[in-house]
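Quick notes on the structure that follows.
2 protein chains.
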Amino acid sequence: MNRPSPSSPAPPFAPRDALSRVRVVLSNPSHPGNIGAAARAMKTMGLRRLYLVRPKRFPDPEADARAAGAGDVLERAVVRETLDDALSGVVFAVALSARHRNLGPQRLQAREAAPLILERAEAGDGDVALVFGNETTGLSNDEVQRCQRAVFIPADASYSSLNLGAAVQLLCYELRLAACGGRPREATRTLPFSSPPASSDDIERFYAHLMRVMVRTGFLDPRQPKRLMAKIRRLFGRAALERDEVNIMRGILDAAERAFGGQISEDRFQKTEDRR
Amino acid sequence: MNRPSPSSPAPPFAPRDALSRVRVVLSNPSHPGNIGAAARAMKTMGLRRLYLVRPKRFPDPEADARAAGAGDVLERAVVRETLDDALSGVVFAVALSARHRNLGPQRLQAREAAPLILERAEAGDGDVALVFGNETTGLSNDEVQRCQRAVFIPADASYSSLNLGAAVQLLCYELRLAACGGRPREATRTLPFSSPPASSDDIERFYAHLMRVMVRTGFLDPRQPKRLMAKIRRLFGRAALERDEVNIMRGILDAAERAFGGQISEDRFQKTEDRR
Numbered sequence: 012m013n014r015p016s017p018s019s020p021a022p023p024f025a026p027r028d029a030l031s032r033v034r035v036v037l038s039n040p041s042h043p044g045n046i047g048a049a050a051r052a053m054k055t056m057g058l059r060r061l062y063l064v065r066p067k068r069f070p071d072p073e074a075d076a077r078a079a080g081a082g083d084v085l086e087r088a089v090v091r092e093t094l095d096d097a098l099s100g101v102v103f104a105v106a107l108s109a110r111h112r113n114l115g116p117q118r119l120q121a122r123e124a125a126p127l128i129l130e131r132a133e134a135g136d137g138d139v140a141l142v143f144g145n146e147t148t149g150l151s152n153d154e155v156q157r158c159q160r161a162v163f164i165p166a167d168a169s170y171s172s173l174n175l176g177a178a179v180q181l182l183c184y185e186l187r188l189a190a191c192g193g194r195p196r197e198a199t200r201t202l203p204f205s206s207p208p209a210s211s212d213d214i215e216r217f218y219a220h221l222m223r224v225m226v227r228t229g230f231l232d233p234r235q236p237k238r239l240m241a242k243i244r245r246l247f248g249r250a251a252l253e254r255d256e257v258n259i260m261r262g263i264l265d266a267a268e269r270a271f272g273g274q275i276s277e278d279r280f281q282k283t284e285d286r287r
Numbered sequence: 012m013n014r015p016s017p018s019s020p021a022p023p024f025a026p027r028d029a030l031s032r033v034r035v036v037l038s039n040p041s042h043p044g045n046i047g048a049a050a051r052a053m054k055t056m057g058l059r060r061l062y063l064v065r066p067k068r069f070p071d072p073e074a075d076a077r078a079a080g081a082g083d084v085l086e087r088a089v090v091r092e093t094l095d096d097a098l099s100g101v102v103f104a105v106a107l108s109a110r111h112r113n114l115g116p117q118r119l120q121a122r123e124a125a126p127l128i129l130e131r132a133e134a135g136d137g138d139v140a141l142v143f144g145n146e147t148t149g150l151s152n153d154e155v156q157r158c159q160r161a162v163f164i165p166a167d168a169s170y171s172s173l174n175l176g177a178a179v180q181l182l183c184y185e186l187r188l189a190a191c192g193g194r195p196r197e198a199t200r201t202l203p204f205s206s207p208p209a210s211s212d213d214i215e216r217f218y219a220h221l222m223r224v225m226v227r228t229g230f231l232d233p234r235q236p237k238r239l240m241a242k243i244r245r246l247f248g249r250a251a252l253e254r255d256e257v258n259i260m261r262g263i264l265d266a267a268e269r270a271f272g273g274q275i276s277e278d279r280f281q282k283t284e285d286r287r
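Top line first, the protein sequences correspond to chains H and E.
Heads up: the first sequence begins at 12 in this note's numbering, then just goes up one per residue.
Heads up: the second sequence begins at 12 in this note's numbering, then just goes up one per residue.
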């Protein structure tokens, strides 16, 4: 195990470039100490790109202290207002979640997920992201559904509450081993017609478009979209949409909208929505 | 974070008794926060037996705080004056050590070491121990030589300084996976709300329905359906559609057809097709 790839000679555990395309996203972290611990955990495993969504306190001396020699990761941390913003440009996101979710994306154990995540990072068509939730409340269902896979760390059933920094450490460790271990590739990407993976932004626009059409045709009650949209996200999340496929699906939706009487602009739709 | 929901099903990773024969020994820890973090890390992975050699401050409120729900591990922690005392009754000890040592014991990567450690614990002729050194100075040569193996965690060469609690977390995680056989059971099909897989017939009827809508809206040229349909089949084939999902997709198509002026029967559609 852990043989270096032919292209990376001397050091026994030379990470591949793929690790530089991995974002670690902490959504709504409460404790600055955990932000620092996450930065340190990342850097020990060769990851550097920390994203913070609405951190309660940041920057903060406690984060600096716990980061130890990883202050540079904190300095370059990107702070965003929403998870969507933090995932802009991301083609594959995994949500760390201990809980089974109704209608969540496919669940994988951390060790199984690592080679998949790496593979998507190696493809080089965008960033990948590991998404971690708040220390107490974890990720919301909406946040989990924003991701293509849910990842769990096998823990003791009687006490499975890992510290946030410890969870970041484990995931980054698995990614590093996967990056250095030369696991066999999945065959999926070699299928004919395969195009680059769709970005999160493209996929979100597709969901918004589909939702608009479903509301317009009376299939979806816009006051209660959640359950149906969750099921749909679960389906397409499992498929891991490619760019061409998103274009096809949106083409179908455009054609349907034209067929039932002129495409409505997003503005008009918004107004209709607001009136309900 | 990562609290299990009350409804989470039977644990997929029943640990073996061997984990109860593993001691985690912290030699000369300086920061009580790290002792608490180690206790929490242990308990999440099903380990409970913490030994402390000359801790600088213990007990300590900071240790309690960082232990979170693992206060019981701290309460039962055994404090000793020397490493020899802490290793009394131990048949196999491994030293966590990043550095190569002259005359040190055989070095193994954490993942390689875990099954060996477990094997010794399962033999049942005594305890095994994971030995961790001081946060700044690590283990002394004497301490490492007191152990049968040296274990290292593969880390980035430019910054390999793992936090003590994080190192304990990684080792305990590797032990837990080794104890549980490494591989999880396939969780995908046990998700709540996942419905039985759709039958081939159901799926074919869905494709026919989708094709009809695409032709009707002008998106698909019925004389040349092949390439587009192949792409669509590839997408949904990858997702491995469930029965409920096929129903949802067909519901969307029905609603769209009604929206653009009365659903056409398959018969009429067939005739239209034949005429081309």
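Heads up, the beta-carbon is just placed ideally off N, CA and C, and yes, glycines get one too.
query	result
Where L98/E meets chain A, residues with beta-carbon distance less than 9 Å	Protein chains in the displayed structure are H and E, and chain A is not among them.
Alpha-carbon to alpha-carbon, L37/H and N45/H	10 Å
Residue ranges of each alpha helix (DSSP H) within the region 67-137 of chain E, 4 or longer	72-78, 82-86, 94-97 and 121-134
Close-in-space but distant-in-sequence residues of the same chain around G137/E (CB under 7 Å, 5 per side omitted)	G100, V101 and V102
Chain E within 7 Å of N174/H, Cβ atoms only	yes
CB contact check: S51/H to chain E, cutoff 7 Å	Just to set this straight, residue 51/H is Arg in the shown sequence, not Ser. Answer yes: the Cβ-Cβ gap between R51/H and chain E drops below 7 Å somewhere.
Residue from M260/E, V33/E, R245/E and R122/E with nearest C-alpha to Y184/H	R122/E
Backbone secondary structure at Y218/H - three-state DSSP	helix
7 Å Cβ shell around P3/E - same chain, five flanking residues per side excluded	Nothing can be reported for residue 3/E, as the shown portion of chain E is limited to 12 through 287.
Proximal residues to F163/H (C-beta, below 8 Å), its chain only, five neighbours per side dropped	L107, S108, A109, R118, L119, Q120 and A121
Among R223/E, L246/E and G248/E, nearest to P236/E - alpha-carbon criterion	R223/E
Reference D212/H; option with closest CA among L231/H, L186/H and Q159/H	Q159/H
7 Å Cβ cutoff met for R84/E and M53/E	Per the sequence shown, the amino acid found at residue 84/E is Val instead of Arg. Their beta carbons are under 7 Å apart, which means V84/E touches M53/E by this criterion.
Length of the line joining the Cα atoms of R249/E and R249/H	8 Å
Beta-carbon spacing of L141/H, L182/H below 7 Å	yes
Own chain, CB closer than 6 Å to A76/E, minus 5 neighbours either side, in chain order	none
Alpha carbon of Q156/E to alpha carbon of A48/H, nearest angstrom	31 Å
Per DSSP, the bridge partner or partners of S38/E	V64/E
Beta-carbon gap between M225/E and I263/H smaller than 7 Å	yes
Short CB-CB distance (under 7 Å) between G82/H and chain E	no
Spatial distance of G192/E from L30/E (CA atoms)	13 Å
is_contact[D167/H, chain E] using C-beta, thresh 7 Å	yes
Cβ-based burial, S171/H [other Cβ within 10 Å; buried from 16]	buried
8 Å Cβ cut-off: residues of chain E touching Y170/H	K54, T55, G80 and A81
R160/H (DSSP reduced to helix, strand or coil)	strand
Near-chain H residues of the region 179-191 of chain E - C-beta to any C-beta below 7 Å	Q180, L181, Y184, R187, L188 and C191
Neighbourhood of L150/E by C-beta distance below 8 Å, restricted to the same chain and skipping five residues each side	S38, A106, L107, S108, V142, F143 and G144
Short-range partners of chain H found in the region 219-244 of chain E, where Cβ spacing is below 9 Å	L221, V224, M225, R227, T228, G229, F230, L231, R238, L239, A241, K242 and I243
Close Cβ partners of L239/H (< 7 Å) along its chain, the five nearest in sequence each way excluded	L231
Contact set between G262/H and chain E, taken where Cβ atoms lie within less than 8 Å	F230
Proximity test, Cβ basis, 7 Å: R249/E and chain H	yes
Helix, strand or coil at N152/E [DSSP, three-state]	helix
Sub-7 Å separation of E130/H and S206/H beta-carbons	no
Alpha-carbon to alpha-carbon, A97/H and L221/E	35 Å
Amino acids of chain E, ordered along the chain, whose beta-carbon sits closer than 8 Å to that of D255/H	K242
Closest Cα partner of A241/E within the set G229/E, Y218/E and T228/E	Y218/E
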